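Asks: Chains as they are written, first to last, in my numbering: chain A, 24 to 369; chain B, 63 to 430.
Sharing a structure, written as structure tokens. Questions coming.
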Amino acid sequence: MTKSRLFWPLVVLAILLLINLIYDPSFFVIDIRNGHLTGSLINILNRGAPLILISIGMTLVIATKGIDLGVGSVIAMSGAMAAFIVDGNLGDSERLFPLFLAIALAIGLSAATGLWNGMLISRIGIQPIVATLILMVAGRGVAQLITGGQITTIYYEPYSFIGGGYLFMLPFSIYIVAFVLCVALYVTRRTALGLFIESVGGNPLASRLSGISSKNIVLMVYMFSGLCAGIAGLILSSNVASADGNNAGLWYELDAILAVVIGGTSLMGGRFFLMGTVIGALIIQTLTTTIYSVGINAEVILLVKAVVVLIVCLLQSPEFRKKISGLFSSSRKTPKDEGVNHHESL
Amino acid sequence: MKNISGAKFLLFIGMALLFILTACGNSNDEASGTNNTNNTSTTTETNNTSETDANNSNEAETNEEGNATEEEATSEKLVIGFSQVGAESEWRTANTTSIQDAITDAGHELQFSDAQQKQENQISAIRSFISQEVDAIVFSPVVETGFETVLQEAKDADIPVFLADRAVDIEDDSLWVTFLGSDFIEEGRKAAEWLVDDMADHEGDINIVELQGTVGSAPAIDRKEGFEEILADHSQFVITQSQTGDFTRTDGKEVMESFLRSDGDNIDVLYAHNDDMAIGAIQAIEEYGLTPAEDIKIIGIDAVKGAFEAMAAGKMNVTVECNPLFGPQLVELIEAHMAGEELEKRIAVEEDMYTMDQAKELLDSREY
Numbered sequence: 024m025t026k027s028r029l030f031w032p033l034v035v036l037a038i039l040l041l042i043n044l045i046y047d048p049s050f051f052v053i054d055i056r057n058g059h060l061t062g063s064l065i066n067i068l069n070r071g072a073p074l075i076l077i078s079i080g081m082t083l084v085i086a087t088k089g090i091d092l093g094v095g096s097v098i099a100m101s102g103a104m105a106a107f108i109v110d111g112n113l114g115d116s117e118r119l120f121p122l123f124l125a126i127a128l129a130i131g132l133s134a135a136t137g138l139w140n141g142m143l144i145s146r147i148g149i150q151p152i153v154a155t156l157i158l159m160v161a162g163r164g165v166a167q168l169i170t171g172g173q174i175t176t177i178y179y180e181p182y183s184f185i186g187g188g189y190l191f192m193l194p195f196s197i198y199i200v201a202f203v204l205c206v207a208l209y210v211t212r213r214t215a216l217g218l219f220i221e222s223v224g225g226n227p228l229a230s231r232l233s234g235i236s237s238k239n240i241v242l243m244v245y246m247f248s249g250l251c252a253g254i255a256g257l258i259l260s261s262n263v264a265s266a267d268g269n270n271a272g273l274w275y276e277l278d279a280i281l282a283v284v285i286g287g288t289s290l291m292g293g294r295f296f297l298m299g300t301v302i303g304a305l306i307i308q309t310l311t312t313t314i315y316s317v318g319i320n321a322e323v324i325l326l327v328k329a330v331v332v333l334i335v336c337l338l339q340s341p342e343f344r345k346k347i348s349g350l351f352s353s354s355r356k357t358p359k360d361e362g363v364n365h366h367e368s369l
Numbered sequence: 063m064k065n066i067s068g069a070k071f072l073l074f075i076g077m078a079l080l081f082i083l084t085a086c087g088n089s090n091d092e093a094s095g096t097n098n099t100n101n102t103s104t105t106t107e108t109n110n111t112s113e114t115d116a117n118n119s120n121e122a123e124t125n126e127e128g129n130a131t132e133e134e135a136t137s138e139k140l141v142i143g144f145s146q147v148g149a150e151s152e153w154r155t156a157n158t159t160s161i162q163d164a165i166t167d168a169g170h171e172l173q174f175s176d177a178q179q180k181q182e183n184q185i186s187a188i189r190s191f192i193s194q195e196v197d198a199i200v201f202s203p204v205v206e207t208g209f210e211t212v213l214q215e216a217k218d219a220d221i222p223v224f225l226a227d228r229a230v231d232i233e234d235d236s237l238w239v240t241f242l243g244s245d246f247i248e249e250g251r252k253a254a255e256w257l258v259d260d261m262a263d264h265e266g267d268i269n270i271v272e273l274q275g276t277v278g279s280a281p282a283i284d285r286k287e288g289f290e291e292i293l294a295d296h297s298q299f300v301i302t303q304s305q306t307g308d309f310t311r312t313d314g315k316e317v318m319e320s321f322l323r324s325d326g327d328n329i330d331v332l333y334a335h336n337d338d339m340a341i342g343a344i345q346a347i348e349e350y351g352l353t354p355a356e357d358i359k360i361i362g363i364d365a366v367k368g369a370f371e372a373m374a375a376g377k378m379n380v381t382v383e384c385n386p387l388f389g390p391q392l393v394e395l396i397e398a399h400m401a402g403e404e405l406e407k408r409i410a411v412e413e414d415m416y417t418m419d420q421a422k423e424l425l426d427s428r429e430y
């Protein structure tokens with residue numbers, strides 16, 4: 024049980040939820056309001072949806088020993104693009120065509136950014152951190168270009184459904200995440216693709232020599248990451264019915280990388296754990312919710328977050344756990360070890 | 063890298079050029095917009111009239127300003143260098159346009175530089191203003207510290223410096239003529255005074271939740287301070303929860319959701335440090351099933367267009383103006399200084415406050 028990669032992240036998540044329960048006994052209660060299921064747990068899933076999506080994309084990128092710093096900017100671009108399309112359709116809420124056009128163009132743009140990243144990295148050989156840094160900086164510029172540097176408010180009603188609508192009593196964004204997660208799990212675990220990704224991350228040269236098209240695998244994971252970020256951007260901008268080129272998705276790339284690492288995937292590439300990532304993202308979101316519900320002072324929020332992340336990372340490290348358990352049992356073990364050494368030297 | 067073939071290398075150069083070109087295109091637009099004084103002056107005049115319509119109370123004053131600037135324009139043409147922080151919000155864009163228009167309308171020559179949030183850009187811009195021997199420098203510092211050397215250079219060159227919107231943290235206040243900017247504490251006080259006045263007949267405790275701005279930023283600190291200062295004398299007003307919403311709609315909505323979840327039915331008032339957070343919070347309140355502006359009174363600051371839309375729709379009660387359109391006031395100060403008048407070191411921008419009743423008629427005249 025404790026050997027499982029998911030064990031320690033799950034423990035941390037459980038502890039966070041329990042802390043909430045102490046401060047708010049009704050934390051786990053899910054009731055029906057306006058015909059929707061509401062409650063803190065639903066809220067965490069709903070709020071965490073964009074982060075989970077991005078983290079799923081990021082996991083595959085990191086599995087190929089890469090990194091995608093551009094996702095935050097892609098969120099802003101995607102939201103800006105969608106707002107640009109549906110803007111001017113106010114009052115005209117019955118036509119659904121602008122909605123689908125906005126979704127198609129926003130997602131198309133995001134996939135194109137992924138293609139751009141993938142081309143730079145796989146075909147031209149730029150290091151991932153540098154290549155995606157370009158988009159991280161330039162993407163926000165593009166988003167501001169689209170919105171004209173302003174915060175665009177969207178009055179087109181159907182657009183709000185993506186991030187604020189409900190289906191079968193649950194927020195629609197949860198279904199989006201579940202769908203993307205299932206597709207990612209199926210493709211990586213039921214087909215050979217997952218193995219290919221891990222092998223490219225482990226040793227690109229060896230994979231290429233054994234007949235795997237490393238370059239195309241790399242290209243594909245960046246496109247997938249861009250796609251995930253694009254969907255997340257739609258959810259985020261739809262939720263507040265506005266597009267903000269400056270602040271939408273700001274620092275999301277860092278949270279996503281953190282979620283991946285908490286989930287047990289190494290930044291050195293190779294093996295990856297999608298479910299671990301999902302739990303990692305949920306930990307980050309639960310932490311935010313906890314901070315709000317406990318009422319921690321605004322000035323120390325970042326410090327509290329850092330401390331929790333540090334604890335999670337320490338718990339994740341086998342070395343650290345060995346040292347700790349060594350500390351507790353050292354008094355008994357040490358003389359015994361000396362004895363053995365002594366015996367051997369004889 | 064060693065595998066790069068010629069064609070691929072060319073492709074990469076092409077991509078890089080594309081990025082650079084788009085960036086340049088942007089700044090060229092701005093530059094041409096400001097240099098074509100003759101073309102823009104006609105459009106900006108119409109802007110100014112709508113501005114005076116909006117500020118009914120200031121109408122007389124602004125007209126006087128207009129006359130004054132016209133007279134002086136004929137007597138002396140100044141070259142004014144203006145270094146702006148960047149273009150990070152609607153507010154800032156409106157501020158930039160206001161100052162640019164005011165300078166060119168008064169018949170002066172404008173040298174504009176966008177610092178793009180970087181201090182080093184700003185320092186080099188000021189140095190280039192000095193070497194061009196401009197008559198006055200206007201700048202909104204990106205950060206509060208580190209401008210001593212370059213301001214000393216300006217002083218040695220005998221060029222007066224005017225701070226717009228943001229202050230610097232420098233002991234030697236002879237380095238600049240005056241600081242013209244909004245008084246954030248006063249904005250907080252105004253918000254609280256409106257609330258005390260509006261709820262005067264209310265019996266029992268009034269529970270207030272507060273959405274703070276970005277932690278550590280001057281507007282967040284001062285708007286909190288001013289608000290609390292007034293409420294300190296009225297013990298029935300209680301701030302039950304206060305949390306940062308980072309000045310954004312997304313965070314404003316998320317934090318408001320958590321406020322509602324923990325104490326939803328007891329909240330009487332929401333005080334948000336800017337309008338965007340208030341707008342996000344309004345959505346949270348609606349989704350929670352309460353009626354914004356009725357069940358929960360909503361106070362915002364800034365008076366951006368979105369707030370007027372919300373107020374016109376009856377979802378927000380009041381917004382305290384944080385006026386970016388202080389260009390004419392600034393030009394007047396520069397001219398006064400040039401004419402030898404003594405100016406105070408700190409001058410507050412003329413600001414107003416708008417309620418729900420005024421929103422509908424003013425909505426169309428709002429520029430930002």
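We put the CB at the ideal spot given by N, CA and C, even for glycine.
Small disclaimer: the values here were computed from a predicted structure and weren't measured.
Would a check of beta-carbon distances place K180/B closer than 8 Å to chain A?
Replies: Residue 180/B sits at position 118 when you count from the first residue of the second sequence. Chain A contact via Cβ: absent.
Asks: Just to confirm the assignment, what range does the beta strand (DSSP E) spanning V441/B have?
Replies: Look at the range of chain B in this structure, 63 to 430, and you will see that residue 441/B is not part of it.
Asks: For N269/B, list the residues DSSP reports as bridge partners.
Replies: In the second sequence, counting from the first residue as 1, residue 269/B sits at position 207. Its beta-bridge partners are V300/B.
Asks: When the Cα of G268/A is compared with those of I75/A, V97/A, I220/A and L92/A, which residue comes out closest?
Replies: Here residue 268/A corresponds to residue number 245 of the first sequence, with the count starting at 1. For the residues I75/A, V97/A, I220/A and L92/A, the minimum Cα distance to G268/A belongs to V97/A.
Asks: Excluding five sequence neighbours on each side, which residues of the same chain lie with their C-beta closer than 7 Å to the C-beta of I302/A?
Replies: Translated into positions along the first sequence, residue 302/A becomes position 279. Excluding residues within five positions, the ones whose Cβ falls inside 7 Å are L29, P32, L33, L36 and G286.
Asks: For V222/B and I165/B, I'd like the C-alpha separation in whole angstroms.
Replies: For the purposes of this step, residue 222/B is taken as the residue at position 160 of the second sequence. For the purposes of this step, residue 165/B is taken as the residue at position 103 of the second sequence. Residue 222/B is actually Pro in this sequence, not Val. Distance between the alpha carbons of P222/B and I165/B is about 16 Å.
Asks: Using a threshold of 8 Å, state whether the C-beta atoms of F177/B and Q146/B are closer than that.
Replies: Indexing the second sequence from 1 puts residue 177/B at position 115. Indexing the second sequence from 1 puts residue 146/B at position 84. Per the sequence shown, residue 177/B should be read as Ala rather than Phe. In contact: A177/B and Q146/B (Cβ atoms closer than 8 Å).
Asks: How far does the beta strand (DSSP E) with D337/B in it reach, from first residue to last?
Replies: If you number the second sequence from 1, residue 337/B lands on position 275. First-last for D337/B: D337 to Y350, but that is the alpha helix (DSSP H), not the beta strand (DSSP E).
Asks: What residues in its chain sit with their C-beta under 6 Å from that of Q184/B, if we drop five residues either side in the sequence?
Replies: Within the second sequence, numbered from 1, the residue matching residue 184/B stands at position 122. Correct list, in chain order: S145, A177 and V204.
Asks: Give me the Cβ distance between I235/A and S222/A, rounded to the nearest whole Å; I'm assuming they're in contact under 8 Å.
Replies: Within the first sequence, numbered from 1, the residue matching residue 235/A stands at position 212. Within the first sequence, numbered from 1, the residue matching residue 222/A stands at position 199. So it is a contact: roughly 6 Å between Cβ atoms.
Asks: Using a beta-carbon distance cut-off of less than 9 Å, what residues from the segment 248-259 of chain B approach chain A?
Replies: Within the segment 248-259 of chain B, no residue has a Cβ that lies closer than 9 Å to any Cβ of chain A.
Asks: Contact defined as beta carbons within less than 8 Å: I believe S101/A pairs with S133/A. What is the distance between those atoms, to the nearest angstrom?
Replies: Here residue 101/A corresponds to residue number 78 of the first sequence, with the count starting at 1. Here residue 133/A corresponds to residue number 110 of the first sequence, with the count starting at 1. Indeed they touch by this definition, with Cβ atoms about 5 Å apart.
Asks: Give a yes or no on whether the minimum CB-CB distance between W318/A and chain B is below 8 Å.
Replies: For this step, residue 318/A is matched to residue 295 along the first sequence. Note on identity: in this sequence residue 318/A is Gly, with Trp being the wrong assignment. Yes - at least one Cβ of chain B is within 8 Å of the one on G318/A.
Asks: Please confirm if D337/B has its CB atom under 8 Å from at least one CB of chain A.
Replies: Numbered from its first residue, the second sequence carries residue 337/B at position 275. False, the Cβ-Cβ gap to chain A never drops below 8 Å.
Asks: Could you pull the DSSP bridge partners for K359/B from this structure?
Replies: As a working mapping, residue 359/B is identified with position 297 in the second sequence. Note: K359/B sits in a beta bridge opposite V331/B.
Asks: Please list the partners that T310/B has in chain A, where partner means a Cβ-to-Cβ separation under 8 Å.
Replies: The residue you call residue 310/B lines up with position 248 of the second sequence. Near T310/B (Cβ distances below 8 Å), the residues of chain A are D267 and N270.
Asks: Assuming G143/B contacts F191/B (C-beta within less than 8 Å), just tell me the rounded distance between them.
Replies: Within the second sequence, residue 143/B is the residue found at index 81, counting from 1. Within the second sequence, residue 191/B is the residue found at index 129, counting from 1. Going by Cβ atoms, the distance from G143/B to F191/B rounds to 3 Å, so yes, they are a contact pair.
Asks: Please confirm if V210/A has its CB atom under 8 Å from at least one CB of chain B.
Replies: Within the first sequence, the letter at position 187 stands for residue 210/A. Not an interface residue.
Asks: Counting only beta-carbon separations shorter than 8 Å, does G376/B have a partner in chain A?
Replies: Within the second sequence, numbered from 1, the residue matching residue 376/B stands at position 314. No, G376/B lies away from the interface with chain A (no Cβ there is under 8 Å from its Cβ).
Asks: When DSSP builds the beta bridges, which residues end up paired with R28/A?
Replies: Indexing the first sequence from 1 puts residue 28/A at position 5. Answer is none; R28/A lacks a bridge partner.
Asks: If we count the other Cβ atoms within 10 Å of its Cβ and call it buried at 16 or more, is Y209/A buried or exposed?
Replies: Indexing the first sequence from 1 puts residue 209/A at position 186. By the 10 Å Cβ count, Y209/A comes out exposed.
Asks: Give a yes or no on whether the minimum CB-CB distance between V380/B and chain A is below 8 Å.
Replies: Locating residue 380/B in the second sequence gives position 318, counting from the first residue. By this cut-off, V380/B is not an interface position.
Asks: Opposite T240/B in the DSSP bridges: which residues?
Replies: Sequence index remark: in the second sequence, residue 240/B carries index 178 (1-based). Looking at the DSSP assignment, T240/B forms a beta bridge with F224/B.
Asks: Looking only at C-alpha atoms, which of T87/A, I67/A, L333/A and L68/A sits nearest to L228/A?
Replies: Counting from one through the first sequence, the residue named residue 228/A turns up at place 205. Selected option, being the one with the closest Cα: T87/A.
Asks: Measure the alpha-carbon distance for V331/A versus T381/B and round it to whole angstroms.
Replies: On the first sequence, position 308 is the one that residue 331/A refers to. On the second sequence, position 319 is the one that residue 381/B refers to. Those two C-alpha atoms are separated by around 38 Å.
Asks: Which residues of chain B have a Cβ atom closer than 9 Å to the Cβ of E322/A, listed in chain order?
Replies: Locating residue 322/A in the first sequence gives position 299, where the first residue counts as 1. Near E322/A (Cβ distances below 9 Å), the residues of chain B are V277, G278 and T306.
Asks: Considering Cα atoms alone, identify which of V165/A, T312/A, I324/A and R146/A is closest to F50/A.
Replies: On the first sequence, residue 50/A is found 27 positions in, with the first residue counted as 1. Per the Cα distances, T312/A.
Asks: Which same chain residues, not among the five before or five after Y350/B, have their C-beta less than 7 Å away from its C-beta?
Replies: Against the second sequence, residue 350/B aligns to sequence position 288. Counting only Cβ-Cβ distances below 7 Å, and skipping sequence neighbours, we find L322 and G326.
Asks: I'd like to know if G351/B contacts chain C, where contact means its C-beta is closer than 8 Å to some C-beta of that chain.
Replies: In summary, chain C is missing from the structure at hand, where the protein chains are A and B.
Asks: Checking the sheet assignment: what are the DSSP bridge partners for P354/B?
Replies: Counting from one through the second sequence, the residue named residue 354/B turns up at place 292. In the DSSP output, where bridge partners are listed per residue, P354/B has I358/B.
Asks: Quick check on R163/A - is its C-beta less than 8 Å from some C-beta in chain B?
Replies: Here residue 163/A corresponds to residue number 140 of the first sequence, with the count starting at 1. Not an interface residue.
Asks: Which residues in chain B have a C-beta closer than 9 Å to the C-beta of D47/A? List them in chain order.
Replies: Mapped onto the first sequence, residue 47/A falls at position 24. In chain order: R323 and S324.
Asks: Thinking C-alpha only, which one of C251/A, Y179/A, S196/A and L92/A is nearest G80/A?
Replies: By one-based count along the first sequence, residue 80/A stands at place 57. Measuring from the Cα of G80/A, the nearest candidate turns out to be C251/A.
Asks: Among D234/B, A346/B, A219/B and G368/B, which one has its Cα closest to the Cα of L207/B?
Replies: Taking the first residue of the second sequence as position 1, residue 207/B is located at position 145. Looking at the sequence shown, residue 207/B is not Leu but Thr. Among D234/B, A346/B, A219/B and G368/B, the Cα nearest to that of T207/B is on D234/B.
Asks: When you compare only the Cα positions, how much space is there between I67/A and R189/B?
Replies: Translated into positions along the first sequence, residue 67/A becomes position 44. Translated into positions along the second sequence, residue 189/B becomes position 127. Looking at the two C-alpha atoms, the distance is approximately 51 Å.
Asks: State the Cα-Cα distance for the pair R285/B and G278/B, rounded to the nearest angstrom.
Replies: Locating residue 285/B in the second sequence gives position 223, where the first residue counts as 1. Locating residue 278/B in the second sequence gives position 216, where the first residue counts as 1. Whole-angstrom Cα-Cα distance: 12 Å.
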